[in-house]
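Residues are numbered in my numbering as their position in the sequence shown, beginning at 1, plus a constant of 574. Where is the CB? At the ideal position from N, CA and C, for every residue including glycine.
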Amino acid sequence: MQDQDLLKEALKKYHKENYYVQTWDEYYEELGTLTKKVVDHVRKNKITVDAVVPILRGGNIPGTVLAYTLNLLTILPVQYKYFFVKDKCELRRISGINKKLVLKENPTLLLVEGNHCYGNQAKYAAKDLKTAFPKSRIIYAASNMDYKYQDVVKDAEVSFYGNLTNCCKELSDEECKKLGIQYKKDLLFPWENIEEEWEIVELKQHKYANLDKIMASSPLVAEFSLS
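Below, the structure is given as structure tokens:
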């Protein structure tokens, strides 16, 4: 089955009444799990991380927490975004890494995402980091990650998650029960908006400020047919 077919099938399984915005206290547990995994790995393997690279907007909060926990000053955000144009979904790069702020040819970069669904934004972000720094090491961390798409970020040497999900709706309720994965609610982060997220399910373009200018200045990374 093609990517666009998987997407359309998944969207049919969403119901707005199941959307639930987590409280900060509820999210803190997930974030704490992710942070411990990353810190334990870095310390055990005596790795020096040179910069945290959060994928905006979702990776901003976990990326900042990880930077503070690792006592890192350098945070170099990148941003990728899906846009809906007629019968296509376009993934565009709004901003890439600022190479001038990385003072090594072979940096160790901690790439951080919020909600890793199909993982396309992280996959292309990691590819772009490897293009910019071919000798870099990339550690990937996501607040949560879809069970079926844990291994898509091939350019990362290791990946961590705070919580596993069925975001892409490819597991049955029974499979979720066996795996201990939440399936009764579609959880959103405390900073997310239900109405904006629901527009994605309806394949509608949210009216962001300066939308046309942003799209015009953002290179196309990948596109998926919705017809």
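(1) Hey, could you find the ends of the alpha helix (DSSP H) Cys750 is sitting in?
(2) Taking 8 Å as the cut-off, decide whether the C-beta atoms of Asn718 and Gly736 are in contact.
(3) Quick one, which of Ala715, Asn740, Cys741 has its alpha-carbon nearest Asp729's?
(4) The alpha helix (DSSP H) with His690 in it runs from where to where?
(5) Quick one, which of Cys663, Lys660, Lys743, Leu683 has its alpha-carbon nearest Ile755's?
(6) For the candidate residues Ser791, Tyr782, Glu776, whose alpha-carbon lies nearest to that of Cys663?
(7) Where does Leu762 sit, in a helix, a strand or coil, going by DSSP?
(8) Counting pairs of beta carbons, one from the stretch 690–707 and one from the stretch 624–637, are three or more of them closer than 8 Å?
(9) Less than 8 Å between the C-beta atoms of Ile808 and Glu687, yes or no?
(10) May I ask which residues mark the beginning and end of the alpha helix (DSSP H) holding Ala715?
(11) Under three-state DSSP, which class holds Asp661?
(12) When we look at the beta-carbon of Asn767 and count the other beta-carbons within 10 Å, is it buried (16 or more) or exposed?
(13) Can you tell me where the beta strand (DSSP E) with Asn737 in it begins and where it stops?
(14) At the level of alpha carbons, what is the spacing between Tyr721 and Glu748?
(15) Who does Glu819 pair with in a DSSP beta bridge?
(16) Go through its chain and collect everything with a Cβ distance to Thr607's Cβ below 6 Å, but skip five positions before and after it.
(17) May I ask you to report which of helix, strand or coil DSSP gives Lys655?
(18) Leaving out five residues before and five after Met575 in sequence, what residues of the same chain have Cβ atoms less than 6 Å from its Cβ?
(19) What does the Cβ neighbour count give for Gln669, buried or exposed, with the cut at 16 atoms within 10 Å?
(20) How would you label Pro764, buried or exposed, when you count the other beta carbons within 10 angstroms and need 16 or more for buried?
(21) Identify the residues that DSSP records as bridge partners of Tyr602: which are they?
(22) State yes or no: is the C-beta of Glu622 within less than 8 Å of the C-beta of Thr682?
Checking against the coordinates, here is how it stands:
(1) 747–753
(2) yes
(3) Ala715
(4) His690 -> not in any alpha helix (DSSP H); beta strand (DSSP E) instead, spanning 682–690.
(5) Lys743
(6) Glu776
(7) strand
(8) yes
(9) Only positions 575 to 801 of the chain appear in this structure, which leaves residue 808 out of reach.
(10) Run containing Ala715: none in the alpha helix (DSSP H); it sits in the beta strand (DSSP E), 711–720.
(11) coil
(12) exposed
(13) 732–739
(14) 14 Å
(15) With the chain running from 575 to 801 in the structure shown, residue 819 is simply not present.
(16) Gly736
(17) strand
(18) Residue placement at Met575 is poorly supported in this model, since its pLDDT is 42, which falls under 50; the coordinates still yield a value, given next. So the list is empty, once near-sequence residues are dropped.
(19) As written in the sequence, residue 669 is Ser, which differs from the Gln given in the question. It is exposed - the Cβ of Ser669 has fewer than 16 other Cβ atoms within 10 Å.
(20) exposed
(21) Answer by DSSP bridge pairing: none, since Tyr602 is not bridged.
(22) Before going on, a small fix: residue 622 reads as Thr here, not Glu. Yes, they are a contact pair.
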